[in-house]
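Q:
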């Protein structure tokens, strides 16, 4: 019996195939037109791989163009332990370890343990000196290879280490300029897409697309390499002579706040940062706080003169001590001076005299001037890890605090803050924000740092008066050891006790310092020298002043500054 299909069923089948054909045709038309890009992208992704194209890190230079930091390509040694076999297939890991050990200065057992750790691939030593890499390559050892990696070089060794910072093995800037300007220095990596065959081999005629890398910006610093060298040399020498725990030197251009040099002790070599202590990595110029001692008397007196409550000739009867808030505060050795002017208070560094001046000024105004001079908050310098020190709110002051703060106890500051405050006196009364990067140069042009005047702190008349008084302090006062032949010098010494953890002071241990500028008229530099626990103790200001003299002598000669005195 022959089966028959009804006309209705045939019509249904015909309609089904017709609709299916239309859908398939429409889909095919879509992939050939609107969906072509998506389909091509999927196909390309199956044979394409993306490669990152590293950007070149920017160069750091000093103010005259001398290179402080740059980058070179060095060979890094890697190992594939499974490939360490001789032609007969015997394991050669022990032999390779023995051959490498004397070249790398490593123990054989350490290298052998690394090769036998089960790792498929590992770095043996990264960024080798070229002569070392050449010696290893000449051995022809199986299972070893080289990969080029960037290495940050610091041509001047440890000079400027805390200012510059360093770059870690992952290429990230740490501390200093390297850390603070890491994004600008690092640039933006590029992208290269290449076509590969099923065996992951690059196709010579395959598809290639590229987004070029944007190299990092080059930075020109305000730092002067010659001045920085002098500061570090003299700081290292005085710390060694005095067997001091450490110290810091900050040198500013008072006209605009540019940092000419910044040295810290202890220090480190950026090429051997792995062996550096946490204290060596710290930039003491901006992150070390201490009680300033008598260097703050200049700020107290400047504030009182600016407020109009005293003049340089205002006098009082010095009896060797002052009583304030029920406490007795003495001069050094409680020495009695008798009739004394404000100029003599500064020149002799009388504590009782500073209390007299502060009492005329009042706690509220002294607190306001301290903040106006920039104490109690970060200066805003373009370096990472700056601290602001401590000036307690006025509501937390006890009556005696007016007296102790007047001569630099009961608050904490950084060397950079003190340098900035003295720069305000030196330049006629304006506080500038310190800065380290003078300009940036990259693919999008040059960007110069505009000096920033934060505020006027004291009047020009007050500043001029303070310059005269500070010059007298050096010419015929307590800071006479800082005087320079042929140049006028304005400055003040400071000796401060060191607070202990229990709120008292450490016995027989001091911070010794000198802050000054030269020449006193139209000054070229402000120099702050701070020493922690010098063995000279109460006489520690003498080595601080000697350090100032050595640096200033070199810097003035280097800058060809003409003498302003016969």
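Numbering (the numbering used here), first residue to last: 143 to 708.
Think of the CB as a built atom: it goes at the ideal place given N, C-alpha and C, for glycine as much as any other residue.
(1) Do residue 554 and residue 531 count as a contact pair if the criterion is CB distance below 8 Å?
(2) In angstroms, rounded to a whole number, what distance separates the CA positions of residue 596 and residue 516?
(3) Under DSSP, the alpha helix (DSSP H) around residue 547 begins and ends at which residues?
(4) Write down the C-beta distance between residue 444 and residue 608 rounded to the nearest angstrom, noting that I regard them as a contact closer than 8 Å.
(5) Flag this pair as yes or no: are the beta carbons of residue 296 and residue 307 separated by less than 8 Å?
(6) Using 10 angstroms around the beta-carbon of residue 613, count the other beta-carbons present and answer buried if the total reaches 16, otherwise exposed.
(7) Once DSSP output is grouped into helix, strand and coil, what is the label at residue 607?
(8) Once DSSP output is grouped into helix, strand and coil, what is the label at residue 377?
(9) Can you have a look at residue 395 and say buried or exposed, based on whether 16 or more other CB atoms are within 10 angstroms of its CB?
(10) Closest to residue 273 by CA distance: which of 374, 217, 405, 224 is it?
(11) Just the Cα atoms here: how many angstroms apart are residue 610 and residue 673?
(12) Could you pull out every residue in the same chain whose Cβ sits closer than 7 Å to the Cβ of residue 477, ignoring the five residues on either side in sequence?
(13) Just the C-alpha distance for residue 582 and residue 404, rounded to the nearest angstrom, thanks.
(14) Just the Cα atoms here: how many angstroms apart are residue 545 and residue 504?
(15) If the criterion is Cβ atoms closer than 8 Å, does the pair residue 439 and residue 496 meet it?
(16) Helix, strand or coil: how does DSSP classify residue 582 here?
(17) Starting from residue 685, trace the alpha helix (DSSP H) both ways and give me its first and last residue.
(18) In the structure shown, what three-state DSSP assignment does residue 435 receive?
(19) May I ask you to list the residues that DSSP assigns as paired with residue 237?
(20) What separation, rounded to the nearest whole angstrom, lies between the Cα atoms of residue 663 and residue 567?
(21) Please identify the residue among 604, 601, 575 whose C-alpha is closest to the C-alpha of residue 594.
(22) State the CB to CB distance for the pair residue 542 and residue 466, rounded to an integer number of angstroms; the pair is presumed to be in contact (CB under 8 Å).
(23) At what residues does the beta strand (DSSP E) containing residue 459 begin and finish?
(24) Taking 8 Å as the threshold (beta carbon to beta carbon), is residue 198 in contact with chain C?
(25) Just the C-alpha distance for residue 311 and residue 615, rounded to the nearest angstrom, thanks.
(26) Going by Cα to Cα distance, which pick from 301, 579, 246, 422 is closest to residue 324?
(27) Below 8 Å on the Cβ atoms is my contact criterion, and I expect residue 393 with residue 377 to pass it. Report the Cβ-Cβ distance as a whole number of Å.
(28) Thinking just about the alpha-carbon of each residue, which of 265, 234, 354, 303 is nearest to the one in residue 585?
(29) Taking residue 361 as the reference, which of 671, 481, 200 has the closest Cα?
(30) Report yes or no: do three or more beta-carbon pairs, one from the region 674-682 and one from the region 382-390, lie closer than 8 Å?
(31) With residue 388 as the anchor, note down where its alpha helix (DSSP H) starts and where it stops.
(32) Taking the alpha carbon of residue 702 as the point to measure from, which residue in 249, 330, 629, 285 has its own alpha carbon closest?
(33) Going by the DSSP bridge assignment, what does residue 404 pair with across the sheet?
(34) Applying the criterion that 16 or more other CB atoms from any shown protein chain within 10 Å of the CB defines a buried residue, is residue 665 buried or exposed?
(35) Can you name the start and end residues of the beta strand (DSSP E) that residue 279 belongs to?
(36) Report the option in 708, 625, 648 whose CA atom is closest to the CA atom of residue 684.
A: To lay it out plainly:
(1) Counting from one through the chain shown, the residue named residue 531 turns up at place 389. Counting from one through the chain shown, the residue named residue 554 turns up at place 412. With respect to residue 554, residue 531 sits close: the two C-beta atoms are nearer than 8 Å.
(2) Counting from 1 along the chain shown, the entry for residue 596 is found at position 454. Counting from 1 along the chain shown, the entry for residue 516 is found at position 374. Answer to the nearest angstrom: the Cα atoms are 9 Å apart.
(3) In the chain shown, residue 547 corresponds to position 405, counting from 1. Here the alpha helix (DSSP H) through residue 547 covers 541-548.
(4) For the purposes of this step, residue 444 is taken as the residue at position 302 of the chain shown. For the purposes of this step, residue 608 is taken as the residue at position 466 of the chain shown. Contact holds; Cβ gap of about 5 Å.
(5) Start at 1 with the first residue of the chain shown, and residue 296 comes out as number 154. Start at 1 with the first residue of the chain shown, and residue 307 comes out as number 165. No, the Cβ-Cβ distance between residue 296 and residue 307 is not below 8 Å.
(6) Position 471 of the chain shown, counting from 1, holds the residue named residue 613. Counting every other CB atom within 10 Å of its CB across the protein chains shown gives residue 613 a total of 16 or more, marking it as buried.
(7) Residue numbering aside, residue 607 sits at position 465 when the chain shown is read from its first letter. When DSSP states are grouped into helix, strand and coil, residue 607 belongs to the helix group.
(8) On the chain shown, position 235 is the one that residue 377 refers to. Here residue 377 sits in helix by DSSP.
(9) On the chain shown, position 253 is the one that residue 395 refers to. Residue 395 should be labelled buried.
(10) Residue numbering aside, residue 273 sits at position 131 when the chain shown is read from its first letter. Ranking the options by Cα distance to residue 273, first place goes to 217.
(11) Stepping through the chain shown from its first residue, residue 610 is reached at position 468. Stepping through the chain shown from its first residue, residue 673 is reached at position 531. Residue 610 and residue 673 have their C-alpha atoms spaced approximately 26 Å apart.
(12) For the purposes of this step, residue 477 is identified with residue 335 of the chain shown, where counting begins at 1. The answer, listed in chain order, is 462.
(13) Position 440 of the chain shown, counted from the start, is the residue given in the question as residue 582. Position 262 of the chain shown, counted from the start, is the residue given in the question as residue 404. Computed Cα separation, rounded: 20 Å.
(14) By one-based count along the chain shown, residue 545 stands at place 403. By one-based count along the chain shown, residue 504 stands at place 362. Across the structure, residue 545 and residue 504 are spaced so that their CA atoms are roughly 10 Å apart.
(15) Taking the chain shown and counting its residues from 1, one reaches residue 439 at position 297. Taking the chain shown and counting its residues from 1, one reaches residue 496 at position 354. Taking C-beta atoms as the reference points, residue 439 and residue 496 count as a pair closer than 8 Å.
(16) Here residue 582 corresponds to residue number 440 of the chain shown, with the count starting at 1. Taken through DSSP and simplified to helix, strand or coil, residue 582 comes out as strand.
(17) In the chain shown, counting from the first residue as 1, residue 685 sits at position 543. According to the DSSP assignment, residue 685 belongs to the alpha helix (DSSP H) that extends over 683-700.
(18) For the purposes of this step, residue 435 is taken as the residue at position 293 of the chain shown. Note: residue 435 maps to helix in three-state DSSP.
(19) Taking the chain shown and counting its residues from 1, the one referred to as residue 237 is at position 95. The bridge partners DSSP lists for residue 237 come to none.
(20) Along the chain shown, one-based indexing puts residue 663 at 521. Along the chain shown, one-based indexing puts residue 567 at 425. The alpha-carbon atoms of residue 663 and residue 567 are separated by roughly 11 Å.
(21) Here residue 594 refers to the residue found at position 452 of the chain shown. For residue 594, the nearest C-alpha among the options comes from 575.
(22) Reading the chain shown from its first residue, position 400 is the one you call residue 542. Reading the chain shown from its first residue, position 324 is the one you call residue 466. 6 Å between Cβ atoms; contact.
(23) Reading the chain shown from its first residue, position 317 is the one you call residue 459. Segment 457-460, the beta strand (DSSP E) holding residue 459.
(24) Judged by its chain identifiers, the structure shown contains no chain C, having just a single protein chain.
(25) Here residue 311 corresponds to residue number 169 of the chain shown, with the count starting at 1. Here residue 615 corresponds to residue number 473 of the chain shown, with the count starting at 1. Answer to the nearest angstrom: the Cα atoms are 51 Å apart.
(26) Along the chain shown, one-based indexing puts residue 324 at 182. Here the closest residue by C-alpha is 579.
(27) Indexing the chain shown from 1 puts residue 393 at position 251. Indexing the chain shown from 1 puts residue 377 at position 235. Between residue 393 and residue 377 a beta carbon distance of about 11 Å is seen, past the 8 Å cut, so the two are scored as non-contacting.
(28) The residue labelled residue 585 in the question sits at position 443 within the chain shown. Ranking 265, 234, 354, 303 by Cα distance to residue 585 puts 354 first.
(29) To locate residue 361, count along the chain shown from 1; it is residue 219. Of the candidates 671, 481, 200, 200 places its Cα closest to the Cα of residue 361.
(30) Yes: the two stretches touch, three or more of their Cβ pairs being nearer than 8 Å.
(31) By one-based count along the chain shown, residue 388 stands at place 246. Segment 388-394 is the beta strand (DSSP E) holding residue 388; no alpha helix (DSSP H) there.
(32) For the purposes of this step, residue 702 is taken as residue 560 along the chain shown, with counting starting at 1. Cα-wise, what sits closest to residue 702 is 629.
(33) Position 262 of the chain shown, counted from the first residue, corresponds to residue 404. Residue pairing for residue 404: DSSP places it in a beta bridge opposite 392.
(34) The sequence position of residue 665 within the chain shown is 523, counting from 1. Buried: at least 16 other Cβ atoms inside 10 Å.
(35) Taking the first residue of the chain shown as 1, we reach residue 279 at position 137. From DSSP, residue 279 is part of no beta strand (DSSP E) but of the alpha helix (DSSP H) over 272-281.
(36) On the chain shown, residue 684 is found 542 positions in, with the first residue counted as 1. Distances from the CA of residue 684 to each of 708, 625, 648 were compared; the closest alpha carbon is that of 625.
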